[in-house]
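Residue numbers (my numbering): 952 to 2609.
Don't be surprised by glycine CBs; every beta carbon is placed ideally from N, CA and C.
Predicted model only: the values in this text are computed from it and were never measured.
Listed below in structure tokens is the structure:
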């Protein structure tokens, strides 16, 4: 056969039919026996260089194909027993049942007998439609109907013949049909079987499968054979089993022949190679597709799989419309191959499936009878629906198993994780890293890999898309370590094929939708299935952004994603075309519109995508006109406008969007405009404060640009309208718009918005239209102004008149809007924030008690009860939180429309009024136009009502107070009208009265004050100030006066009118929450303007209450710092826009400051001030002669902070009003001289003198002798005083280095303003302290003690030594010390309470005396040069409860101080073995009548004692009238009550004898209330052991000769110990700790009482 095969190959093209058939038979048999040699000859000729050889080779292959049925008939009868043909090697099975129909029957074939229709059948069919006519008989009518029916039937056959592709049918095999074979003799049973077989043969023959025909012929021969023929011979015939022979080695030529489809070579006869190949391939496909494609199907599961797919893809591209039988066979084989790959769990399964799907969808157009419903059932049966069906809804796995890095075979314990619908691999990855304790720095190198396939999963992918539910089977993953770059490339590769798979599924569904038959059924199925699909539209819009950058497939992935989204848009467009247009609800198409919107957002700058999406929008708007006429545009316009807003730089995209919007308006007109505006209103970016635009919102200028484009026709840059399959040009769908033009103006849009708002102003749609008006009107005014200016510069003046007309039209619209927005003037009726904070104490008690009773009643239910009435605290809390959220929503819904309306009117009024003033100055063409009235009285009244409703909510809601509309109303609208008109007067009164109530609530309630937006409040007052400046005649209005008075009370920190009215005002709020500087500055400007407006009727003296001396130091500080100093600084700065101050007011301000420095003797002091003065005079007895030159004038106590503030005020007056104070210089000089002679003023006085010398004013001449004399006064080595003296001496001597450079008045005022800010901050800090963490005790020292503190002069006591004092000031060896430079701005001293014993121990160790003894009485061996151990000495005076003070000039230490000393002064803090009592809670009372001294109950040991600090002028023990001290009953007691106690007072009741007295604990319970919180302070408990340790500590302190710790030494202590610890001292020497000066808080805290021997108790 090797020798004969080349000969037979050459004879295949012989013209003799028999020779050619014989040669073909030999070649086919040689291919069975020697397949390799035969295949080589075939391939060598098909790939020959000569095109003639290649053409002849293709023709020889055709001969082999044509004569494949000649082999078996030419062989002997028993050849099939010895000659075996190998079967096909296809490894996969086909789906069962097969999908689709192989081929449709041939329509009216010419080779079949002609059969005419029976007249009876036609008549019966048309009998129901017959109409009896009077002019025709029944018979004639029936004859005509029969003729019509026959003509219709013939016409139908003709059309079917024209549409049928006869070229796809093997005509030769169909024409070989022999009817006589079907009519053979036989029994009845066989006859029936024959008829069945003949019908089957007819179907199969029509399908083109000739194998079945030949089998049927052979079977017919068996049936028709005579009885004489041996039946066994016929049954064993090889023709019956295998009618054709074409081995697989010949099928390999199909690859080469398909490759020749691209061969464009031409032979000498003019025959192209590819044309011959096309004809041969088509003939093979038509006759037996499966046989021709056998080689491809065998190799798909072996090697070169991608190559085989490429050959098949080239075949399908060459023949887009395959023969039905070819498409049928190829589709089923490919589905079987995909099923094989799904079950194989191969690593390359996804890649092979994706490649197959790229081919599968292309063969669908040629398949007949394929439906989604059949595919769903077959694929679900074969368990491949998740891979092949786009609408597959397969439940996901319930849990997943993750193995650790060691792998599943290492025996480690895996982890299980539950899977939800939204579980992603990144969540499982995070949990797995934590479970297997992966170090955080290695997290980026661990990834989840499928256990079977080894594929690395994308962390952003959803688990349910990969693992589906199987009973008792759970998917398994492995956490492995992979190089991040390698893993990134692997994920890219995996996602690439997954995306291809998704594209294949989508294209498959799209190809089925594109078939012309049964479109409605397919669309309905997709609509129903996709609506129920949980992964839709997520799967359609999934995008792997994190894989687009870097890697080897980044750009390819991006392009593939764009293709995926484009295919989805095509499918949605096709579904819209096939859907019924009578949908009534937008929900039917919402999900499908979302797919299109998402694709536009992702790839909006892709011109193909943009064009297709816009065409889809137009088709949907036309198809679903009922939906889009009501709310359909709400689904698409936000997306379109957002893309348009964010891509203004893309001219092509912007012009396309403008064209599409124009077409939308043409279709639906006004409904489109209203829907577009309503849909984008919540997305408008109306925040003008942000420097950057929000990409998630729509910019107002882009909206205006789009509306402007609707005024003119727009071009179609992408020719989008060509993709729309409706009638063009587009027309209005509603016939009532047919006569209107296709253009719409901005004024029409504004009128539409006003109409909607006027119809229902409190509706949500009205609020949307208000947002649109707020965005559009400003840009429209600029647009008109720009057009007018351009036209004016060109020549004619007519455009100015047009601009006035536009403003007039806008004014009419605004008036209509305001006249019809009455619902917005209603007050808020919902809950307010923190309403429970404003209850009185009784209301709070009642509410709390009621709540407890209700709660207890719920808890008292029977245990066996099943009542459901019990509501847990958690549920109650949830209800409250939900109510709070609801109240926030209600306030937001109430505030936003009113805010927007006020903002619209304010912008319109501001711009139009300014523009009208400009236009009035320019000549206008034509006659003079009348004045344009922007707003009338009714509009102002309505605006006031709306602002009034917002102001009622403003105290409780800071957002309402700070809303832009309200602020603009106060600053722009309120200042516009002429308030002299009587019609407008009620409007102004309403606003000012409501403002007065707002600030009254802020003043009274601490909760409101704490949450007040002071910037917004200042902006509201700024509007009142502007209005008062513009219209001064409104200053006489009583509400305005009350408003200014309330604001003044706010800034000076007093309760004001609230206390006078008897209301429960919170006076502590003024201390803890003072208004900021910005608000205070606005109030000062308002007060100054009121004084100027009212003239002589309202002076500064009236503002200050009619007196130059204030009742308390706090009031003095507040009035100076918050009112007078800012007022003088602002008025005297010389600005033209600031009101001036009269001469009388300037003189009064000077008087106030001088009286603050030196209160007049005739002033009647308040109880608090009198007590302070009494204590001060008691402290100053020994040094009075040294600092006062006149005993006739009584000097009252003045705080150091008041000195600082008052001298600062004098500086401001000297600079600002130098000319106005010509008659008052002597008053200033006299006051300063008296203060200096009395030793008052401290460093503040020296600072003022330095200022006078630095900036000479007329008062410098008067004070120069005093300055020189004061410079010669003795100095006690105080650093600051020495510094000031040296500095002043240098300046007086004319030292240019010390003199500052020449400054302007403005520079000096700036420095003074900065100094005022520092002083104010320090005073505020001294009052509040660390309010959130601790309580501070502010001590007010005696003026004499304060003078020594500031001037550094130390007076000698009766037992003090000057040498020891100097040694105490100069010592620097024991404690780290340095000079104590004190900043000029610090004028206060604060003493903090110490809360921990550890802090006290550290303080005691750092603040004792060198050479002092320890607690055991052992002297310290260390010298003074080494670091000594320092001990705190404290003197307590003990007296029994109920006794009074024995001396007139002593005062009790307040309870606040006693509480703070609980741990600071306890001896147990210095003893390791001692214990301390826990600190008790403070009991507080709200009412003033409840502020009484609280005393603890008696202990079980007996009566309690009280301890207080008393003065000891002689330093000796004074038992006084109290008798002897109580002693312990026996020697076994821990200690005796020390005899050094200054006083022991007995109770009023008889006491037992001293011998029988039991040990009693000692209490320090002298408690005084505070002014802010009225709290009762806790007393200090001391038992016997504490007293013993206290006495030991006292005895261990030396009495004489101990060096005094200097201020520099104390200042070196850490943090809150050095300045806050108080004073240190001994019994016989001066030992006051010089700490940071502090200001007392007057009545709110007690003052520190110091005895003559300076035993100080803090």
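Subject >> Residue closest to residue 1207, alpha-carbon to alpha-carbon, out of 1586, 1254, 1976, 1247 >> reply: Out of 1586, 1254, 1976, 1247, 1247 has the C-alpha closest to the C-alpha of residue 1207.
Original post:
Going along the chain, which residues of its own chain have a beta-carbon closer than 8 Å to the beta-carbon of residue 1231, five neighbours each way excluded?
Top reply: Counting only Cβ-Cβ distances below 8 Å, and skipping sequence neighbours, we find 1009, 1010, 1012, 1013, 1016, 1208.
Original post:
With which residues is residue 1401 paired in a DSSP beta bridge?
Top reply: The partner list for residue 1401 (beta bridge, DSSP) reads 1428.
**OP:** Count the other C-beta atoms from every protein chain shown that fall within 10 angstroms of the C-beta of residue 2168, then say buried if there are 16 or more, exposed otherwise.
**Re:** Label assigned to residue 2168: buried.
Original post:
Considering only the beta carbon of each residue, do residue 2171 and residue 2094 sit closer than 7 Å?
Top reply: In this structure, the beta-carbon distance from residue 2171 to residue 2094 falls below 7 Å.
Original post:
Leaving out the 5 sequence neighbours to the left and right, which residues in its chain are closer than 6 Å to residue 909 when beta-carbon positions are compared?
Top reply: The requested residue 909 is not part of the displayed model; the chain covers only 952 to 2609.
**OP:** Give a yes or no on whether the C-beta atoms belonging to residue 1400 and residue 1407 are separated by under 7 Å.
**Re:** Their beta carbons are under 7 Å apart, which means residue 1400 touches residue 1407 by this criterion.
Original post:
Enumerated in chain order, which unbroken segments of the alpha helix (DSSP H) with a length of 4 residues or greater are wholly contained in the segment 1695–1724?
Top reply: Segments of the alpha helix (DSSP H) lying fully in the segment 1695–1724: 1697–1710.
Original post:
Which ranges would you report for the beta strand (DSSP E) in the segment 1017–1055 if only whole runs of at least 3 residues count?
Top reply: Counting only runs of 3 or more, we get nothing.
Subject >> Coil, strand or helix - residue 2086 by DSSP >> reply: In this structure, residue 2086 counts as coil in the three-state DSSP scheme.
Original post:
So the alpha helix (DSSP H) residue 1573 belongs to, where does it begin and stop?
Top reply: Unbroken alpha helix (DSSP H) run through residue 1573: 1558–1574.
**OP:** List the residues that DSSP assigns as beta-bridge partners of residue 1844.
**Re:** Its beta-bridge partners do not exist; DSSP assigns none.
Original post:
What is the DSSP secondary structure of residue 1679, counted as helix, strand or coil?
Top reply: Three-state DSSP puts residue 1679 in coil, outside helix and strand.
**OP:** Measure from the alpha carbon of residue 1424 to the alpha carbon of each residue in 2221, 1346, 1350, 1309, then state which is nearest.
**Re:** Ranked by Cα distance from residue 1424, the options 2221, 1346, 1350, 1309 are led by 1350.
Original post:
Alpha carbon to alpha carbon, what distance is there between residue 2148 and residue 2478?
Top reply: Residue confidence is low: residue 2478 scores 40 on pLDDT, short of 50, so the model does not pin down where it sits. No coordinate-derived value is stated.
**OP:** Report the option in 2056, 1782, 1918, 1854 whose CA atom is closest to the CA atom of residue 1837.
**Re:** Considering only alpha carbons, the answer is 1782.
**OP:** With a cut-off of 8 Å on the beta carbons, I'd call residue 1604 and residue 1556 a contact; round off their distance for me.
**Re:** About 6 Å separates the two Cβ atoms, so the contact holds.
Original post:
residue 1023: buried (16+ other C-beta within 10 angstroms of its C-beta) or exposed?
Top reply: Its Cβ being crowded by 16 or more others within 10 Å, residue 1023 is buried.
Subject >> Residues sharing a beta bridge with residue 1350, DSSP >> reply: DSSP lists 1369 as partners of residue 1350.
Original post:
Would the segment 1982–1989 and the segment 2052–2060 be scored as touching if the rule is three or more Cβ pairs under 8 Å?
Top reply: The segment 1982–1989 vs the segment 2052–2060: no contact.
**OP:** Would you tell me roughly how many angstroms separate the C-alpha atoms of residue 1309 and residue 1223, rounded to the nearest one?
**Re:** Using only the alpha carbons, I get a separation of about 30 Å.
Original post:
Can the beta-carbon of residue 1698 be found closer than 7 Å to that of residue 1707?
Top reply: The answer is no: Cβ separation not under 7 Å.
Subject >> Proximity below 7 Å, CB of residue 1257 to CB of residue 1040 >> reply: No; because the gap between Cβ atoms is not below 7 Å, this pair is not in contact.
**OP:** Out of 1678, 1558, 1548, point me to the one whose CA is closest to residue 1584's CA.
**Re:** Taking only the C-alpha atoms, the option nearest residue 1584 is 1548.
Subject >> Straight-line gap, residue 1551 to residue 1676 (C-alpha atoms, nearest Å) >> reply: Roughly 21 Å separates the two Cα atoms.
Original post:
What is the rounded straight-line gap between the Cα of residue 1026 and the Cα of residue 960?
Top reply: The alpha-carbon atoms of residue 1026 and residue 960 are separated by roughly 19 Å.
Subject >> With 16 other Cβ atoms within 10 Å as the buried cut-off, status of residue 2027 >> reply: Around the CB of residue 2027, fewer than 16 other CB atoms lie within 10 Å, so the residue is classed as exposed.
Original post:
residue 1313 and residue 1267 look like a contact to me (Cβ under 8 Å); what is the Cβ gap, rounded to whole Å?
Top reply: Indeed, because the Cβ distance is near 5 Å, the residues count as touching under 8 Å.
Original post:
Are the beta-carbon atoms belonging to residue 2036 and residue 1976 less than 7 Å from one another?
Top reply: Cβ atoms of residue 2036 and residue 1976: closer than 7 Å.
**OP:** Could you check the C-alpha separation between residue 1503 and residue 1415 for me, to the nearest Å?
**Re:** One C-alpha to the other measures close to 28 Å.
**OP:** Please look up how many angstroms separate the CB atoms of residue 1430 and residue 1356, rounded, as I've assumed it's under 8 Å.
**Re:** The pair is a contact, with the Cβ atoms about 6 Å apart (cut-off 8 Å).
Subject >> Own chain residues within Cβ distance below 6 Å of residue 1280, not counting five before or after >> reply: 1240, 1241, listed in sequence order.
Original post:
Since residue 1426 and residue 1418 are thought to touch, with beta carbons under 8 Å apart, how far apart are those beta carbons, to the nearest angstrom?
Top reply: Correct: roughly 4 Å between the Cβ atoms.
Original post:
Do we get a CB-CB distance below 7 Å when we pair residue 1057 with the residues of chain C?
Top reply: No chain C appears in the structure shown, which is made up of a single protein chain.
Original post:
If you drop the 5 nearest sequence neighbours on each side, which residues of the same chain put their C-beta closer than 7 Å to that of residue 1590?
Top reply: Around residue 1590: 1548, 1551, 1552.
Subject >> Cβ pair count under 8 Å reaching 3, the segment 2069–2082 against the segment 2029–2046 >> reply: By the Cβ test, the segment 2069–2082 is in contact with the segment 2029–2046, since at least three Cβ pairs between them sit closer than 8 Å.
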